[in-house]
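See below for the structure under consideration.
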Amino acid sequence: MTQKVNRPLRVLVAKVGLDGHDRGAKVIATALRDAGMEVIYTGLRQTPEMVVNAALQEDVDAIGISILSGAHMTVFPKVVALMKEKGMDDVLLTGGGIIPEEDMLELNAMGVGKLFAPGTPTVEIASYIGEWVATHRSF
Numbered sequence: 001m002t003q004k005v006n007r008p009l010r011v012l013v014a015k016v017g018l019d020g021h022d023r024g025a026k027v028i029a030t031a032l033r034d035a036g037m038e039v040i041y042t043g044l045r046q047t048p049e050m051v052v053n054a055a056l057q058e059d060v061d062a063i064g065i066s067i068l069s070g071a072h073m074t075v076f077p078k079v080v081a082l083m084k085e086k087g088m089d090d091v092l093l094t095g096g097g098i099i100p101e102e103d104m105l106e107l108n109a110m111g112v113g114k115l116f117a118p119g120t121p122t123v124e125i126a127s128y129i130g131e132w133v134a135t136h137r138s139f
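Position 4 of the sequence shown, counting from 1, maps to 4 under full-length UniProt numbering, and the rest follow consecutively.
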């Protein structure tokens, strides 16, 4: 049975790899904070290992990866594998950026949550994270 969460949702927002464009990640982080979530922003040039370790240390409910570099088919599967290895089965992995629709579908099949294209309303992203966490995590 899913209970009402008695604390703010905790979301880690990360930029993985050599992608140096973080404006979108900062916009999302701010929007999620405005929606009442506690946001940990890792900054630029993180490795998948750094992201998963930070998510474990911060006890997050969701990880959001912003990726514009085209490395999404390398980054997301690596993060999924590390999350499985660490037993993070009840943590949402979501994200967004420049990701072709067919790649989004393939990543979803691997266990990545919904992925968002540039221009998606931030309330839609916050709502998705909140609903996913309420349905999949027990407190």
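A virtual CB, placed ideally from N, CA and C, is assigned to each residue, including glycine.
To the nearest angstrom, how far is it from the Cα of residue i to the Cα of residue j?
i, j, result
"I40", "I99", "23 Å"
"P77", "L32", "24 Å"
"D59", "E102", "31 Å"
"L9", "W132", "11 Å"
"M83", "V52", "7 Å"
"E106", "A14", "21 Å"
"M88", "A134", "16 Å"
"S127", "E38", "14 Å"
"H136", "D61", "10 Å"
"M104", "H72", "9 Å"
"Q3", "N108", "Only weak support exists for where Q3 lies, its pLDDT of 44 falling under 50; the value from the coordinates is given anyway. Using only the alpha carbons, I get a separation of about 26 Å."
In three-state terms, what does DSSP make of residue i?
i, result
"K114", "coil"
Taking residue i and residue j to be in contact with their CB atoms under 8 Å, please state how far apart those CB atoms are, rounded to whole angstroms.
i, j, result
"G24", "P118", "7 Å"
"T94", "I67", "Not a contact, Cβ separation roughly 12 Å."
"I28", "I125", "6 Å"
"V75", "G17", "6 Å"
"L12", "I63", "5 Å"
"V91", "A55", "7 Å"
Let's test the definition: count the other Cβ atoms within 10 Å of the Cβ of residue i and tell me whether it reaches 16, buried, or not, exposed.
i, result
"Q57", "exposed"
"H21", "exposed"
"V123", "exposed"
"G96", "buried"
"M110", "exposed"
"D34", "exposed"
"M1", "Per-residue confidence for M1 stands at a pLDDT of 39, beneath the threshold of 50, marking its modelled position as unreliable; the derived number appears in the next sentence. Under this definition M1 is an exposed residue."
At a Cβ threshold of 8 Å, is residue i touching chain B?
i, result
"V39", "Of the protein chains in the structure, only one exists, and it is not chain B."
Next item on the list: Mind listing, in chain order, the continuous alpha helix (DSSP H) runs of no fewer than 4 residues lying wholly within the UniProt domain "B12-binding" (8-139)?
Entry: 23-34, 48-58, 72-85, 101-110, 122-136
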